[in-house]
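Those protein sequences? They're chains A and B, same order as listed. In terms of our numbering, the first sequence opens at residue 1 and continues consecutively. In terms of our numbering, the second sequence opens at residue 1 and continues consecutively. Note that the Cβ used here is the ideal one computed from N, Cα and C, for glycine as well.
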Amino acid sequence: MADYTQMWTELGLNHDNHNALLENLGNAYQSIFMTQENRPEGMSYFDFVMSEAHGLRIQELREEQEAGRKIIGSFCVFVPEEIVLAAGCTAVGLCAGADFAQEEVEKVLPRNTCSLIKSFFGFKLGKVCPYMEVSDMIVGENTCDGKKKSFEIFKDMVPNFYQMDLPQTKTPMARQMLKHEFQSFVEKLEEMTGKSISLENLKQGIATVNAKRQALRRLSMLRSADPAPISGLDALLINQIAFLDNPVRFTEKVNALCDELEIKIKENKGAKSSDAPRVVISGCPMAIPNWKIPSIIEATGAVIVGEESCIGERGQRNLTDDSANNIDGIMDSIVDRYFKIDCAVFTPNQERVNHIKEMSQQYNADGVVHYGLQFCQPYIMESFSVEKQLEKENISVLRLETDYSQEDMGQLSTRVEAFVEIIK
Amino acid sequence: MRLAGIDIGSRSIELIVLEDGKVIHSKQAESGYNPIERVKELISDISYDKIMATGYGRGIVEVAFDFPTVTEIKAYGTGAAHLYPGVRSVLDIGGQDTKVISINEKGRVVKFEMNDKCAAGTGKFLEMIATTLGYQTHQIGSEAQKGKEGIEINSMCAVFAESEVTSLLAKGCERNDIALAIHQSVCKRAVGMIRRQNTSSPLMFAGGVANNSCMAQLLEESLGENIIVPEKPQFVGAYGAAMLAGLL
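Set out below in structure tokens:
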């Protein structure tokens with residue numbers, strides 16, 4: 001990696017903390033990803049992006065800024081990327097996948113807050129997330145109580161914090177509210193950039209994001225092959241990088257990888273042995289570098305064939321219809337697409353259980369691992385009914401509840417191994 | 001053929017050797033700080049054709065001795081199903097884990113639950129409380145059986161429960177009454193896990209804590225049914241591992 005010290009200084013990162021983070025991250029990446037066998041060649045691009053996630057990619061974003069683009073950071077798949085692109089801005093996902101500066105975090109947040117929320121506070125307080133520092137605006141969204149209340153504290157830590165309200169039900173009123181929020185978001189972006197968003201801009205934004213979703217969908221479908229042509233860890237990594245990389249380049253690289261995977265499938269070459277038990281993982285999002293549960297699952301010899309998660313199918317399924325020929329019609333299409341997201345903050349949320357069942361059939365899964373972050377009320381509450389409903393259909397379920405720490409690795413491994421012994 | 005099974009738990013290690021299905025050796029040792037050395041000692045004077053390791057420490061012996069391994073969940077399930085054909089569920093309370101395992105008609109594990117990372121309701125928890133009350137670990141069960149009902153322990157965390165016990169002692173409560181209350185709280189937790197999993201009967205109570213007669217009695221009372229307690233409940237995992245070694 002080139003020397004980015006000056007850039008990091010300009011961004012206000014804390015060097016010691018940041019170096020420590022990069023070293024840990026590099027080591028984890030080496031031991032989790034680079035030790036895998038039978039990796040597709042196309043993964044080398046994603047390895048490169050990861051190695052330059054805090055370097056070259058940040059430099060690119062700064063170059064975009066110099067050319068007049070604004071960088072919009074967010075934490076959630078409800079923030080519509082097509083609108084961000086239409087405004088001539090770039091969307092990036094912010095760091096929330098590892099513990100950092102825990103002692104500092106616990107001065108401002110209760111201990112029993114989920115790891116994901118604590119994580120983005122830690123990255124901010126420890127000054128180690130270049131995406132957060134490079135962002136011209138950070139969008140927080142009212143999903144769970146944890147996030148919306150923590151944003152009351154977070155908003156004073158960052159400049160240009162923008163809060164987006166979200167509905168909690170799927171009623172017509174709720175849809176109206178989402179449309180209102182998306183319209184306000186359009187206005188905010190227009191005010192920031194000083195340019196109004198045209199119909200053509202919106203259509204272009206939709207085209208770019210739809211192409212990305214289609215490429216990710218293609219990757220998902222290829223994983224239904226037996227043996228699965230790519231490990232779950234690699235597929236998750238690609239889904240994680242979808243939030244960081246340039247969307248057009250990313251789409252090309254995912255499609256190129258899919259071409260390679262199609263050949264592998266024809267040659268009957270899998271990422272794991274042909275009798276590897278197949279697992280769908282469902283639940284809370286796994287933000288970079290949260291690879292804890294997937295690495296435990298795949299270390300047993302099982303292969304993950306799908307992620308029912310925001311960083312995975314929940315976030316990427318459904319395209320946005322771009323056929324309307326006026327701005328209001330296009331806004332309706334965007335709202336319709338996002339309104340289908342089956343996040344656990346909605347009630348009722350039967351669609352999610354239906355999707356898990358569909359995915360486990362589609363990808364020939366032998367079992368489902370439900371991953372809940374400790375103190376994440378929405379997903380942990382749902383996990384009971386997910387388990388009950390799946391078991392009714394004879395789908396084996398393992399419910400796990402954990403955080404970002406490493407102290408429960410032994411017990412988690414035992415549970416996962418025992419589950420794999422059952423579904424084998 | 002001689003089959004060996006070794007269960008490296010957090011508190012103790014059990015070794016069983018079977019010859020034509022009959023137990024010819026059974027040995028136990030404390031895990032201590034160097035379980036690899038303990039395993040070496042345990043296997044130094046025995047011979048076997050096949051061996052399988054299980055338990056919390058199975059990973060380290062897989063590396064040190066190249067033993068094949070299986071989780072304690074499958075080992076306990078298999079051991080229970082061989083010892084008592086027809087058994088449909090197992091409650092295993094060991095040194096630092098509590099597990100409820102459901103077994104189908106064919107003796108296969110179909111579902112399980114395990115406590116979270118904390119030690120509440122496990123053998124280690126009872127050991128800590130025994131020390132606080134001034135009992136030997138093996139005494140606490142029989143002492144609790146002499147206790148009177150009436151105290152309720154509210155805290156499920158091992159650390160908080162210990163301070164709760166200390167304050168009960170300071171209030172002048174009888175120690176065997178407190179011991180009974182502690183057993184009741186552990187029992188309540190285990191029964192909660194059993195009920196959540198909606199297990200079938202008969203249930204086997206295994207693991208080191210099954211040697212505690214008070215716990216077995218309270219479980220039978222709360223569940224309202226007879227439970228099976230094998231002769232050496234802490235050896236069920238090692239026995240299951242030995243049976244599984246035979247399938248290699």
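- Message: Tell me the rounded alpha-carbon separation between G270 (chain A) and Y45 (chain A).
- Response: As a first step, residue 270 (chain A) is located in the first sequence; it is residue number 270 there, counting from the start. As a first step, residue 45 (chain A) is located in the first sequence; it is residue number 45 there, counting from the start. Each residue's alpha carbon lies about 20 angstroms from the other.
- Taking the alpha-carbon positions, what's the V105 (chain A) to N112 (chain A) distance? Within the first sequence, residue 105 (chain A) is the residue found at index 105, counting from 1. Within the first sequence, residue 112 (chain A) is the residue found at index 112, counting from 1. Linking V105 (chain A) to N112 (chain A) through their CA atoms gives a straight-line distance of about 11 angstroms.
- Task: Give every residue of the same chain whose Cβ lies closer than 7 angstroms to the Cβ of K27 (chain B), excluding the five residues on either side of it in the sequence, and list them in chain order.
- Result: On the second sequence, position 27 is the one that residue 27 (chain B) refers to. Here the set comprises L15 and L42.
- Task: Tell me whether the beta-carbon of G121 (chain B) lies closer than 7 angstroms to the beta-carbon of R189 (chain B).
- Result: Here residue 121 (chain B) refers to the residue found at position 121 when the second sequence is read from its first residue. Here residue 189 (chain B) refers to the residue found at position 189 when the second sequence is read from its first residue. Yes, the pair counts as a contact, with Cβ atoms nearer than the cut-off.
- Message: Measuring alpha carbon to alpha carbon, tell me which residue in A:L236, A:R39 and A:G88 is nearest G68 (chain A).
- Response: Mapped onto the first sequence, residue 68 (chain A) falls at position 68. Measuring from the Cα of G68 (chain A), the nearest candidate turns out to be A:G88.
- Message: On the CB-based measure, 16 or more other CB atoms within 10 Å of its CB, does V134 (chain A) come out buried or exposed?
- Response: The count along the first sequence starts at 1 and reaches residue 134 (chain A) at position 134. By the neighbour-count criterion, in which 16 or more other beta carbons inside 10 Å mark a residue as buried, V134 (chain A) falls on the buried side.
- Less than 7 angstroms separating the beta-carbons of A430 (chain A) and E401 (chain A)? Look at the range of chain A in this structure, 1 to 424, and you will see that residue 430 (chain A) is not part of it.
- Message: So, under 8 angstroms CB-CB, F78 (chain A) and T143 (chain A) are touching, yes? Tell me the CB distance rounded to an integer number of Å.
- Response: Here residue 78 (chain A) is taken as the residue at index 78 of the first sequence, counted from 1. Here residue 143 (chain A) is taken as the residue at index 143 of the first sequence, counted from 1. With a Cβ gap of about 7 angstroms, F78 (chain A) and T143 (chain A) count as contacting.
- DSSP three-state call for D465 (chain A): helix, strand or coil? The structure shown does not extend to residue 465 (chain A), since chain A spans only 1 to 424, so no value can be given for it.
- Enumerate in chain order the residues of its own chain whose CB-to-CB distance from G55 (chain B) is below 7 angstroms, with the five nearest sequence positions on each side excluded. In the second sequence, counting from the first residue as 1, residue 55 (chain B) sits at position 55. Cβ within range, chain order: D7, I8, G9, E72 and G237.
- Query: Nearest to I241 (chain A) by alpha carbon, out of A:C310, A:E181, A:V108 and A:V386?
  - Reply: Start at 1 with the first residue of the first sequence, and residue 241 (chain A) comes out as number 241. Residue A:C310 is the option with its Cα nearest to I241 (chain A).
- Cβ atoms of Q163 (chain A) and G140 (chain A): under 7 angstroms apart, would you say? Locating residue 140 (chain A) in the first sequence gives position 140, counting from the first residue. Locating residue 163 (chain A) in the first sequence gives position 163, counting from the first residue. Against a cut-off of 7 angstroms, the Cβ pair of Q163 (chain A) and G140 (chain A) comes out as a contact.
- Query: Looking only at C-alpha atoms, which of B:E231, B:Q197 and B:F235 sits nearest to N115 (chain B)?
  - Reply: As a working note, residue 115 (chain B) is residue 115 in the second sequence. Answer by Cα proximity: B:Q197.
- Task: Would you mind stating whether L199 (chain A) and G42 (chain A) have Cβ atoms separated by less than 7 angstroms?
- Result: The sequence position of residue 199 (chain A) within the first sequence is 199, counting from 1. The sequence position of residue 42 (chain A) within the first sequence is 42, counting from 1. No, the Cβ-Cβ distance between L199 (chain A) and G42 (chain A) is not below 7 angstroms.
- Item | Cβ of M1 (chain B) within 7 angstroms of any chain A Cβ | By 1-based counting over the second sequence, the position of residue 1 (chain B) is 1. No, its Cβ sits nowhere closer than 7 angstroms to a Cβ of chain A.
- Item | Given A228 (chain A) as reference, the closest of A:L216, A:T9, A:L116 and A:E262 once Cα atoms are compared | Stepping through the first sequence from its first residue, residue 228 (chain A) is reached at position 228. Of the candidates A:L216, A:T9, A:L116 and A:E262, the one whose C-alpha sits nearest the C-alpha of A228 (chain A) is A:E262.
- Enumerate in chain order the residues of its own chain whose CB-to-CB distance from T487 (chain A) is below 6 angstroms, with the five nearest sequence positions on each side excluded. In the structure displayed, chain A extends from 1 to 424; residue 487 (chain A) sits before or after that span and is not available.
- Message: Just to confirm the assignment, what range does the beta strand (DSSP E) spanning K22 (chain B) have?
- Response: Start at 1 with the first residue of the second sequence, and residue 22 (chain B) comes out as number 22. Run containing K22 (chain B): K22 to E30, per the beta strand (DSSP E) assignment.
- Report the rounded CA-to-CA distance for V158 (chain A) versus I138 (chain A), giving the unit in angstroms. For this step, residue 158 (chain A) is matched to residue 158 along the first sequence. For this step, residue 138 (chain A) is matched to residue 138 along the first sequence. Near 8 angstroms, if we compare the C-alpha coordinates of I138 (chain A) and V158 (chain A).
- Query: On the premise that D366 (chain A) lies in contact with I423 (chain A), defined as a C-beta separation below 8 angstroms, what is that separation, rounded to the nearest angstrom?
  - Reply: Residue numbering aside, residue 423 (chain A) sits at position 423 when the first sequence is read from its first letter. Residue numbering aside, residue 366 (chain A) sits at position 366 when the first sequence is read from its first letter. Right, the Cβ-Cβ distance comes to about 4 angstroms (below 8 angstroms), so this counts as a contact.
- List the residues of chain B that E417 (chain A) touches, going by C-beta distances under 7 angstroms, in chain order. Counted from its first residue, the first sequence places residue 417 (chain A) at position 417. T71, listed in chain order.
- Item | Touching by the beta-carbon criterion (3+ pairs, under 8 angstroms), the region 219-232 of chain B and the region 61-69 of chain B | no
- Query: Is the CB-CB distance between T132 (chain B) and V165 (chain B) below 7 angstroms?
  - Reply: As a first step, residue 132 (chain B) is located in the second sequence; it is residue number 132 there, counting from the start. As a first step, residue 165 (chain B) is located in the second sequence; it is residue number 165 there, counting from the start. Yes, the Cβ-Cβ distance between T132 (chain B) and V165 (chain B) is below 7 angstroms.
- Message: Beta-carbon within less than 7 angstroms of Y29 (chain A)'s beta-carbon, same chain only, minus the 5 sequence neighbours each way: which residues are those?
- Response: In the first sequence, counting from the first residue as 1, residue 29 (chain A) sits at position 29. Within the same chain, Y29 (chain A) has close Cβ partners M50.
- Would you kindly check if the distance between the Cβ of V109 (chain B) and the Cβ of G77 (chain B) is under 7 angstroms? Here residue 77 (chain B) corresponds to residue number 77 of the second sequence, with the count starting at 1. Here residue 109 (chain B) corresponds to residue number 109 of the second sequence, with the count starting at 1. Going by C-beta atoms, G77 (chain B) is nearer than 7 angstroms to V109 (chain B).
- Task: Kindly list, in the order they appear in chain A, the residues whose Cβ is closer than 7 angstroms to that of K74 (chain B).
- Result: Here residue 74 (chain B) refers to the residue found at position 74 when the second sequence is read from its first residue. A418 and E421, listed in chain order.
- Query: What residues are listed by DSSP as bridge partners for A53 (chain B)?
  - Reply: Within the second sequence, the letter at position 53 stands for residue 53 (chain B). B:I6 and B:T69, per the DSSP bridge assignment.
- Between the CA atoms of G207 (chain B) and N290 (chain A) - distance to the nearest angstrom: Taking the first residue of the first sequence as 1, we reach residue 290 (chain A) at position 290. Taking the first residue of the second sequence as 1, we reach residue 207 (chain B) at position 207. So the two alpha carbons sit approximately 35 angstroms from each other.
- Three-way DSSP call (helix, strand, coil) for H18 (chain A) in this model: Along the first sequence, read from residue 1 onward, the residue named residue 18 (chain A) stands at position 18. In the structure shown, H18 (chain A) sits in a helix (DSSP, three-state: H, G or I).
- Item | Segment contact, 8 angstroms Cβ cut-off, at least three pairs: the region 175-191 of chain B with the region 135-146 of chain B | yes
- Item | Span of the beta strand (DSSP E) around F48 (chain A) | Position 48 of the first sequence, counted from the first residue, corresponds to residue 48 (chain A). Careful: F48 (chain A) lies outside any beta strand (DSSP E), inside the alpha helix (DSSP H) at M43 to S51.
- Item | Counterpart residues of H180 (chain A) in DSSP-defined beta bridges | By one-based count along the first sequence, residue 180 (chain A) stands at place 180. DSSP lists no partner for H180 (chain A).
- Query: What residues match up with R278 (chain A) in a beta bridge as DSSP calls it?
  - Reply: For the purposes of this step, residue 278 (chain A) is taken as residue 278 along the first sequence, with counting starting at 1. Bridge partners of R278 (chain A): A:V303.
- Item | 7 angstroms Cβ shell around G32 (chain B) - same chain, five flanking residues per side excluded | For the purposes of this step, residue 32 (chain B) is identified with residue 32 of the second sequence, where counting begins at 1. Excluding sequence neighbours, G32 (chain B) sits near R38.
- Query: Between the Cα of I304 (chain A) and the Cα atoms of A:K188, A:S273 and A:N14, which residue gives the shortest distance?
  - Reply: Taking the first residue of the first sequence as 1, we reach residue 304 (chain A) at position 304. In terms of CA proximity to I304 (chain A), A:S273 leads the group A:K188, A:S273 and A:N14.
- Distance, Cα to Cα, C250 (chain B) vs L91 (chain B)? Beyond the ends of chain B as shown, which are 1 and 248, falls residue 250 (chain B); an answer cannot be given.
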